[in-house]
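A.B. asks: I'd like to ask some things about the structure below.
Number of protein chains: 2
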Amino acid sequence: MDRRGSQEYIDTPNRRADAASSDSISNSERSVSFPMNDSSSSKESGSPSKSLCSSASSSSENVPALEMKMLKDFAQSDESPLLPGEVVQGMAKDVTYLCPYSDFVKGTLTVTNYKLYFKGSDREPPFILDVPLGVISRVEKIGGVSSKGENSYCLDIICKDMRNLRFAHRQENHSRRQVFEKIQQYAFPITNKLPLFAFEYKEEYGVAGWSVYDPEAEFRRQGVPNDSWKISRVNEKYELIDTYPALLGVPKSATDEELKLVSSFRTRGRLPVLSWIHPRSLATITRSSQPMVGVAGKRNKDDENYIVKIMDSNAHSNKLFIMDARPSVNALANKAKGGGFESEDAYTGCEVSFLDIHNIHVMRESLRKLKELVFPTIDDSKWLSNIESTHWLDHIKQILAGGVKVADKVENNKASVLVHCSDGWDRTAQLTSLAMMMLDPYYRTLKGLEVLIEKEWLSFGHKFAQRVGHGEDKHSDADRSPVFLQFIDCVWQMTRQFPNAFEFNEHFLVTILDHLYSCLFGTFLFNSEQQRVKEMKVRENTKSLWSFINYQMDDFINPLYAEYLHQHVLFPVASMRRLEIWTGYYCRWNPRMRPQEPIHLRNRELLVLKAQLQKKVEELQKERESKNARGILQSQPRVSSPVNV
Amino acid sequence: MDRRGSQEYIDTPNRRADAASSDSISNSERSVSFPMNDSSSSKESGSPSKSLCSSASSSSENVPALEMKMLKDFAQSDESPLLPGEVVQGMAKDVTYLCPYSDFVKGTLTVTNYKLYFKGSDREPPFILDVPLGVISRVEKIGGVSSKGENSYCLDIICKDMRNLRFAHRQENHSRRQVFEKIQQYAFPITNKLPLFAFEYKEEYGVAGWSVYDPEAEFRRQGVPNDSWKISRVNEKYELIDTYPALLGVPKSATDEELKLVSSFRTRGRLPVLSWIHPRSLATITRSSQPMVGVAGKRNKDDENYIVKIMDSNAHSNKLFIMDARPSVNALANKAKGGGFESEDAYTGCEVSFLDIHNIHVMRESLRKLKELVFPTIDDSKWLSNIESTHWLDHIKQILAGGVKVADKVENNKASVLVHCSDGWDRTAQLTSLAMMMLDPYYRTLKGLEVLIEKEWLSFGHKFAQRVGHGEDKHSDADRSPVFLQFIDCVWQMTRQFPNAFEFNEHFLVTILDHLYSCLFGTFLFNSEQQRVKEMKVRENTKSLWSFINYQMDDFINPLYAEYLHQHVLFPVASMRRLEIWTGYYCRWNPRMRPQEPIHLRNRELLVLKAQLQKKVEELQKERESKNARGILQSQPRVSSPVNV
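If you want it as structure tokens, here you go:
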């Protein structure tokens, strides 16, 4: 009887200890061992070079074998596998990794200009940790875990991706001091006047990631230019608004002069421009920064007329909804700083509402609390109430609810919506991109989400460099905030509510977030299109994340995507009881929070199976057709003229 | 451009109000309208007659059309569609259903000997409520919502399935009084000396549900009898232990006399017998009630020797693990009542541990709190901490963790485990059946779970009638408890952790629970095999739930089941952060908690698609073969003898 084989394939002993010791979790978390866990997880996230991961895309049959071979090769030495352009900067033996989930591991620590690579020497297969330096937020030397002897010196590494790493060694010596210094140096290249690794990275994917987003093509897809909207080149050289894209969708009748005048009345010049237009009703989503009304309630005729033009371009509604992402008190407070919001008296036909989304500081604090809860250990008994106390899901709910409100007005009232916050590059980007994803099934495909991110986030100047703090040693910088992470979290929440409506899978979303921090690709570097394209020429000098993704697209496809079923508008339910903590991202470093089943493999398997069946059907049909054709020929009377035989 | 069609198909207006009004939930829950919601949900759960639902199994193409036609027919009149054997008992017009999620609905209320059927008269399509009387726990006349005029008399109906219903009418009159009295009467047939509807139900499924479980075949499947175990007929007439099955798996060397002596030392005679045996190691799971050691610590040589026989039947371990499901204090307290647990001194080689699962009263109270939270409205802001305060998930965790402990010993230590609690029919059944499901992939198939329920729950005398309170007007009976519901909840939790490991889907689990209460089938009636089979002859006089299920099996199949991947032992992680409130069951009456996508339809679609593709491949292959055969014949030289042409 061979009804059951061996146990669960993923880290069996660990899994077992896990489940059986549910009463004393924190103890078991210290005592379980899982030799390959960190290695496998870091492979998912880190070092995504073509040479390491590319095998996945070429043929799903060969992957494991090829990957295994490479792992074996590396296992021969303590040295780190290197990406093209990567150079070892330092190396130290007899370092201890103080893993919070297993026994401490002794091994060799290597630092390159891209990553930190630790390889254990006391286990087989070796324990491997492979972390891009870009995720490091702070490096701290602290007193060791014991005051003398073993592990007396400690290095604490605080990461941006919800984990911390701690290394220790017996006593200071040259090579160890050097390797620790190299981490400090290469983790913060901007601070240390070193190039970001994306500019050193020499991989060739043979896929044109930088061409994924073509603004004119995207306007065309939306039907622009049309009778009411045109593409303006007034900002082509980024001279009018340095944080806006080169091409702007504006009302057809708006002159360049007018655009300049409106721009002068909006914070940072960010005048209202087109994000999306409904293919039938022509109701639009436009975005901007706040009007500079100030405490005096200044008015600006050009701005008011321009808003009327936006309203009039939509024949279905004589109203324009202005959705201010902020809580109303914050919007009011901004008047003191010269900002504020549109008064309904001045802007006739406009209805202003506030979406109550908190600012970047509140969001940063909420995520900080969440990290404390999920890393390194979780208090199981208070899990739910602890999660509630971070308010993370409340914020996610509020953002998602805001997106639904925008989409609802556009779809169900055929009304146009103008979205803004203060500067219009954080909450505004969250709202427009989520609403667009609800309204337009194109953005729910893999390439569609790439385009959406390029368009609403990158081209409209979400300050990725400031919010993430790329390459800078300023852990407590008040400009850092998980704004883009929240957007991706909201997308994930939508995929949970509509599991068949999205072409991409969870791995795609996690991969985007990993490379938000990694600095391996040029995609998320710098703060605006102007900086990226004009100043730093990332298209010429770095690789696009989308090259990496699209090169091995199969890895990121949801096998349950039912395109034909989902050509309509999706309205996710934004309530606490329908939202979940995205454990697959926030808790993934904890081996006890990993999925029980290898969903990733199963997904790929389903795709392969589907492709095989479809191919088989095609082959057989072809064969039948050709046989039928021959049959017809054979049965034809010989006397017919054999023209095409 | 037709990139997007109409909106979400399920109750669009409602869905919309939902999402957009996330800030003021309880208000919106009162104001939204969803004409067909209750109707569609009650169709899922109630009136599952062949004539109503059977179409699903015969051809998935015809279902909607046929169902629509029938719905239309019914729509012509206010009368309820009737099952074979169902008789209308009363009817009243102008009754108001005080729906907690929509405007109040006026309509006609019909009561039959099986169900309560309400049809609204003020909407098109009509609002329909179709509730088996079996789910009713209590009926209460209360003061109306207003003291005079409209809706001054009220009927409150407390249900066993996590909802309450409230009807009202302007003033007392004969037909309304009569229909309310009929509800009281037919909801509690046992109290009112009426037959349970299962004995009136005259459907013919043409599927032998009662034959799904054949104890001898199941023993054979497990390899019993073998060198160490035999099937004993000592209880064939239920004379030795009236709550045990007719056939018992016992150690081969145990004589009938010995079994009787051991039985006399166990509460209610429930001696240790075989539940499951490992196909390779021959480690066993046995189950029993507590030994009657009492405060004096009585010993019984027969019981001790018998336990040694169980231990010795497994060559791989010289230890037997006795897992007492109770908290140790409860086990100790039982000594005062003559019960208790095995002392390790008396039972050499045994290791006793306590699994800390609380008793039926604690569980009932926890579910009561949960119901208060989820029905009728949910406080979204405190959702997580409120859920935590019910401790429902803590209890689920404890039961699941207990199952894992049993399975772990059997699989990883190759050791045998004896499970008991006090009587051995509540917590013991939860633990043995969950452990068996983890260990044996057979029980993870649809028929396998049917067998598991028949075997570990029904044949071993889980007191379904007492725990559910079938047909009795004793709302506060202390014997009622959601023990079986907890088991099904644990199964659902396992399906969440291993989405590809189970052949059945969530709808199967919900359907089982619906018919736990409905009294439509004989399956869950009465307290023991003896009562069901010998006294009440349910096999002859009622239908089996499994006939209904297996007649339309496709509806209950998980399209993502990957049998070949899951022929091994599953160890679910039993920790709070991996468990979820089963909203698909507990919160399903709340329209705002329904899934956004019609997963049910999508599942069926996937199955149909798979079947079509497979059929196509087969057809084309057949065609090719026959053509090839003909081809060979044609190309053969004419001179060969044409034997088989």
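Just so you know, the protein sequences line up as chains W and L, in that order. 1 is the number of the first residue of the first sequence in UniProt numbering; add one for each residue after it. 1 is the number of the first residue of the second sequence in UniProt numbering; add one for each residue after it. No residue lacks a Cβ here, since even glycine has one placed at the ideal position from N, Cα and C. Keep in mind the model is a prediction, meaning the values are calculated, not measured.
#1: Flag L:L620 as yes if its beta-carbon sits less than 8 Å from any beta-carbon of chain A, otherwise no.
#2: Pick from L:N334, L:T348, L:T112, L:Q290: whose alpha carbon is nearest that of L:M311?
#3: What are the boundary residues of the beta strand (DSSP E) that W:H420 is part of?
#4: Cα separation between L:L71 and W:V293?
#5: So, at 8 Å on beta carbons, what are the nonlocal neighbours of L:N235 in its own chain, with the 5 sequence-adjacent residues on each side left out?
#6: Can you grab the Cα-Cα spacing for the pair L:E623 / L:P559, in whole Å?
#7: Taking the runs of the alpha helix (DSSP H) that are 4 residues or longer, which of them lie wholly in the stretch 526-553 of chain L?
#8: Cα-Cα, which of W:D345, W:L373, W:I157, W:N226 is closest to W:R588?
#9: Return the first residue and the last residue of the alpha helix (DSSP H) that W:I307 is part of.
#10: Among the residues of its own chain, which have a CB less than 7 Å from the CB of L:K409, if the five just before and after it don't count?
#11: Helix, strand or coil for W:Y201? Go by DSSP, reduced to three states.
#12: Would you list the residues sitting across from L:S353 in a DSSP beta bridge?
#13: Spatial neighbours of L:E351 within its chain, please: CB distance less than 8 Å, with the 5 preceding and 5 following residues excluded, ordered by chain position.
#14: How about the stretch 101-117 of chain L and the stretch 77-86 of chain L: do they share at least three Cβ pairs that are nearer than 8 Å?
#15: Quick one: which chain W residues come within Cβ less than 7 Å of L:E623?
#16: If we ignore side chains and look at the alpha-carbon of each, how far apart do L:T96 and L:P595 end up?
#17: Measuring only the C-alpha atoms, how far is W:V639 from W:E619?
#18: Measuring only between beta-carbons, confirm whether W:F498 sits less than 8 Å from chain L.
#19: Taking only runs that begin and end inside the stretch 551-617 of chain W, name each unbroken beta strand (DSSP E) of 3 or more residues, in chain order.
#20: Is the distance from the Cβ of W:L525 to the Cβ of W:H475 below 8 Å?
#21: Counting C-beta neighbours from all protein chains within 10 Å, is the total for W:A217 16 or more, i.e. buried, or is it exposed?
#22: Tell me which residues share the same chain as L:V212 and place their Cβ nearer than 8 Å to its Cβ, disregarding the 5 neighbours each side in the sequence.
#23: Starting from W:H278 and walking both ways along the beta strand (DSSP E), at which residues does that stretch end?
#24: Residue ranges of each beta strand (DSSP E) run of no fewer than 3 residues wholly in the stretch 158-220 of chain W, ordered along the chain?
#25: On the DSSP bridge assignment, give the partners of L:W229 in chain order.
#26: Is the CB of W:R123 under 8 Å away from at least one CB in chain L?
#27: Using DSSP bridges, identify the partner residues of W:C154.
#28: Between L:F197 and L:A187, what straight-line distance do the alpha-carbon atoms span, to the nearest angstrom?
#29: Contact defined as beta carbons within less than 8 Å: I believe L:F341 pairs with L:P272. What is the distance between those atoms, to the nearest angstrom?
#30: Going by CA-CA distance only, name the one from L:Q530, L:R480, L:L393 that's closest to L:Y586.
#31: Output yes if chain L places a C-beta closer than 8 Å to the C-beta of W:K455; else output no.
#32: Contact criterion: CB-CB distance below 8 Å. Does L:P81 meet it with respect to chain W?
#33: Is the stretch 384-392 of chain W in contact with the stretch 377-386 of chain L, if contact means three or more CB pairs nearer than 8 Å?
#34: Quick check on W:P283: does DSSP put it in helix, strand or coil?
#35: Using a Cβ cut-off of 9 Å, pull out every chain L residue sitting near W:R592, in sequence order please.
#36: According to the Cβ coordinates, are L:T191 and L:E472 closer than 8 Å?
C.D. replies: Taking the structure as given:
#1: Protein chains W and L are contained in the structure displayed, whereas chain A is not.
#2: L:T348
#3: From DSSP, the beta strand (DSSP E) with W:H420 extends over 416-420.
#4: Residue placement at L:L71 cannot be trusted, given a pLDDT of 41 that sits under 50; the coordinates are not used to answer.
#5: I241, Y244, P245, A246, L247, L248
#6: 28 Å
#7: 538-541, 545-551
#8: W:L373
#9: Per DSSP, W:I307 belongs to the alpha helix (DSSP H) from 301-312.
#10: F321, A415, V417
#11: coil
#12: L:M323
#13: K319, L320, F321, I322, E344
#14: yes
#15: R624
#16: When rounded, the distance between both Cα atoms is 28 Å.
#17: Reliability fails at W:V639, whose pLDDT of 38 lies under 50, so the model's placement of it is uncertain and the value that follows must be treated cautiously. So the two alpha carbons sit approximately 32 Å from each other.
#18: yes
#19: none
#20: no
#21: exposed
#22: Excluding sequence neighbours, L:V212 sits near K447, E450, V451, E454, S544, W546, N550.
#23: Careful: W:H278 lies outside any beta strand (DSSP E) and carries neither H nor E.
#24: 164-169
#25: L:P251, per the DSSP bridge assignment.
#26: no
#27: W:I142, W:A168
#28: Spanning the two alpha carbons is a distance of roughly 10 Å.
#29: Actually they are not in contact, since the Cβ atoms of L:F341 and L:P272 sit about 13 Å apart, beyond 8 Å.
#30: L:L393
#31: So, not an interface residue.
#32: With 8 Å as the cut-off, L:P81 does not count as an interface residue toward chain W.
#33: yes
#34: A small correction: the amino acid at residue 283 of chain W is Ala; Pro does not occupy that position in the sequence shown. In the structure shown, W:A283 sits in coil (DSSP, three-state: anything other than H, G, I, E or B).
#35: V573, S575, R577, R578
#36: Result yes, Cβ atoms of L:T191 and L:E472 sit closer than 8 Å.
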